[in-house]
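Below is one structure, written out as structure tokens; the observations come after it.
In this note's numbering, the protein residues as written are 125 to 327.
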């Protein structure tokens, strides 16, 4: 009778003690050569992460802000030259009228040439102003006259005029649209003051 084999345990399952086979591990499969990596910030599956909304009180600076600023500058320039737009005439007046008004500028709500009607020195911004500048002396043909306007903000603008006939009175219509404030007009030949006047634009 044969006895138990040395080193074995009676009643044990020899097959259960046998080691189980292990699947060999190798390198992970490489991505195809034509695979495209997702852009930075894109998660798996090509989904972009949520972006928080900007505060409603914040407006980014952009090219439009520069245009607005330039637009603000151009508008000021238009107002600055509005007094010099349109026909400026020069006529000769009789000696008696000239002696009474020489060196002054008349302003009014209407008139024709150097005849001013509804004279005033205060006007609403919507008014058309007719003025007549009575010069201190007769201006000959071709003499350069400089018209200077001082605006409510203290800035000045000038234009030079020459005429094809002699005269003693300069007239013009000023279109509506001036800013509220005080205006000073001067007519000079070089440094010689020939006429001066003031008016106000009211709210």
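Ideal Cβ positions, reconstructed from N, Cα and C, are used throughout, including at glycine.
On the DSSP bridge assignment, give the partners of residue i in chain order.
i	result
residue 296	255
residue 313	316
residue 288	BP columns for residue 288 are empty, so no partner.
residue 281	273
residue 308	274, 322
Kindly indicate which residue of the options has the alpha-carbon position closest to the one of residue i.
i	options	result
residue 284	322, 267, 302	267
residue 298	262, 265, 315, 237	237
residue 230	248, 257, 249	257
residue 317	306, 251, 259, 275	259
residue 306	264, 227, 324	324
residue 296	235, 288, 276	235
By Cβ distance, which residues of its chain are closer than 8 Å to residue i, with the 5 residues on each side in sequence left out?
i	result
residue 232	240, 241, 242, 243, 244, 253, 254, 255
residue 262	216, 290, 291, 292
residue 247	231, 233, 253, 323, 324, 325, 326
In chain order, what residues of the same chain lie with their CB nearer than 6 Å to the CB of residue i, ignoring the 5 residues before and after it?
i	result
residue 327	304
residue 310	272, 320
residue 270	282, 284, 312
residue 322	308
residue 286	266, 268
residue 314	none
residue 226	258, 260
Does the ligand MG have even one heavy atom less than 6 Å from the beta-carbon of residue i?
i	result
residue 268	The ligand MG is not among the ligands present in this structure, which contains no ligands whatsoever.
For residue i, which residues in the same chain have their Cβ closer than 7 Å to its Cβ, ignoring the five residues on either side in sequence?
i	result
residue 280	272, 273, 274
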